[in-house]
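Asker: Note that numbering that gives the first Met the number 0 numbers the sequence shown so that position 110 is 109, with each residue one more than the last. Where a beta carbon is used, it is the ideal one built from N, C-alpha and C, also for glycine.
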Amino acid sequence: MNIDLRHLRCFLAVAEEGGFTAAGRRLHLAQPTLTRNIRSLEDSLGVRLFERSTRRTELTDKGQTLRDTVAPLLRQLDSALRDLGKGEKLRIGFSWGLPQGLSRLASRFGEEAGVGVEFIRCDTPQAGLDTGQAHLGLLRGEPLPKGLRTVLLYEESRIAAVPASWQLAERTALDWAELADLPLIINTVSGTTFPDMWPDGRRPAVGAECRNMDEWLEQVAVGLGVGTAPVSAARRYTHPSVRLIPLTGAPTVRAYLAHPSHGAHPQAARFADLAWRAAEELQE
Numbered sequence: 000m001n002i003d004l005r006h007l008r009c010f011l012a013v014a015e016e017g018g019f020t021a022a023g024r025r026l027h028l029a030q031p032t033l034t035r036n037i038r039s040l041e042d043s044l045g046v047r048l049f050e051r052s053t054r055r056t057e058l059t060d061k062g063q064t065l066r067d068t069v070a071p072l073l074r075q076l077d078s079a080l081r082d083l084g085k086g087e088k089l090r091i092g093f094s095w096g097l098p099q100g101l102s103r104l105a106s107r108f109g110e111e112a113g114v115g116v117e118f119i120r121c122d123t124p125q126a127g128l129d130t131g132q133a134h135l136g137l138l139r140g141e142p143l144p145k146g147l148r149t150v151l152l153y154e155e156s157r158i159a160a161v162p163a164s165w166q167l168a169e170r171t172a173l174d175w176a177e178l179a180d181l182p183l184i185i186n187t188v189s190g191t192t193f194p195d196m197w198p199d200g201r202r203p204a205v206g207a208e209c210r211n212m213d214e215w216l217e218q219v220a221v222g223l224g225v226g227t228a229p230v231s232a233a234r235r236y237t238h239p240s241v242r243l244i245p246l247t248g249a250p251t252v253r254a255y256l257a258h259p260s261h262g263a264h265p266q267a268a269r270f271a272d273l274a275w276r277a278a279e280e281l282q283e
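Written as structure tokens, this is what we have:
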């Protein structure tokens, strides 16, 4: 018999709700789709399960027997499937500065999906996706690596990080073009600022390179050069020897949530979709 679980779930919803309209709302199905599933089930079984009229839908004797048999079996199956997911963890990698609302979103997702969410710091170009440490990665800037599916969460402006010992630190604002005349500190792993972002022939020299946000801040502090970062860094990172100054004329920084295009954790795309729909909650 050509019967699958969706037929039985549709049947049980109609039987318990007492009609197709209420069952459709419960299953989030259009009534024609629900009706086709019930007819397919009846055709496969060769029996009528419901007596239909313009006013009511009632179970036949065969329908009552099927309901009494199927209901406990589906509850047992659902319980077993939920138990399989217990203890499952979805790991989200980041190199620095998680968006403020992401932990709240992770908590909500855990309650709804029954999957725990862990955040892990990974100082790699893909925030742990490239090493297998993370199932999802928070990536900033562009271009994005190939082989990933991404959702744009938000974009933000930049600030300039200047050594406090420099006269430049007394400024209340800097322009992006001015930085071309200054040595630039580059975070080669998780940074968002590189010399080729300025016009050819008007690009800053590299003052020093580093591999994470902490090193970046320290190299600015000792006077090896200036840097730029998303404005959220001003709320996350401070240093007595570094001044963070508003920056005008700079390209914005986009923040993405990414997972592998193939072989991703089964819950990764679901969490990414939830994050996309809740993007306004995440923006810092």
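Considering only the beta carbon of each residue, do Leu-48 and Ile-2 sit closer than 8 Å?
Answerer: Contact: no.
Asker: Cutting at 6 Å between CB atoms, please list the residues of its own chain near Trp-197, excluding the five before and the five after it.
Answerer: Closer than 6 Å at the Cβ level, and outside the excluded window around Trp-197, lie Ala-179.
Asker: Is it right to say Leu-96 is buried, meaning 16 or more other beta carbons lie within 10 angstroms of its own, or is it exposed?
Answerer: Inspection of the sequence shows that residue 96 is occupied by Gly rather than by Leu. By the neighbour-count rule (16 or more Cβ atoms within 10 Å), Gly-96 is buried.
Asker: Examine the Cβ distances between the segment 220-230 and the segment 174-188 and report whether three or more of them are shorter than 8 Å.
Answerer: Short answer: they touch.
Asker: Please state the DSSP three-state secondary structure of Thr-68.
Answerer: Reduced to three states, the DSSP call for Thr-68 is helix.
Asker: Consult DSSP for Val-230 and reduce its assignment to one of helix, strand or coil.
Answerer: Of the three classes helix, strand and coil, the one that applies to Val-230 here is coil, per DSSP.
Asker: Excluding the 5 residues preceding and the 5 following Arg-170 in the sequence, name in chain order all residues of the same chain whose CB lies nearer than 7 Å to its CB.
Answerer: Ile-244, listed in sequence order.
Asker: Go through the segment 184-265 residue by residue and report every complete run of the beta strand (DSSP E) that reaches 3 residues or more, in order.
Answerer: Within the segment 184-265, the complete beta strand (DSSP E) runs of at least 3 residues are 205-209, 226-229, 241-247 and 252-259.
Asker: Does the beta carbon of Arg-25 sit closer than 8 Å to a beta carbon anywhere in chain B?
Answerer: Among the chains in the structure shown there is no chain B, since it carries only a single protein chain.
Asker: At a cut of 8 Å, does the segment 234-254 reach the segment 209-217 through at least three beta carbon pairs?
Answerer: Short answer: they touch.
Asker: Below 8 Å, how does it come out for the segment 259-279 and the segment 192-208: are there three or more Cβ pairs, yes or no?
Answerer: Segments in contact, no.
Asker: Could you work out which residue in Thr-247, Phe-118 and Val-13 is closest to Ala-172 when comparing CA atoms only?
Answerer: Closest option to Ala-172, Cα to Cα, is Thr-247.
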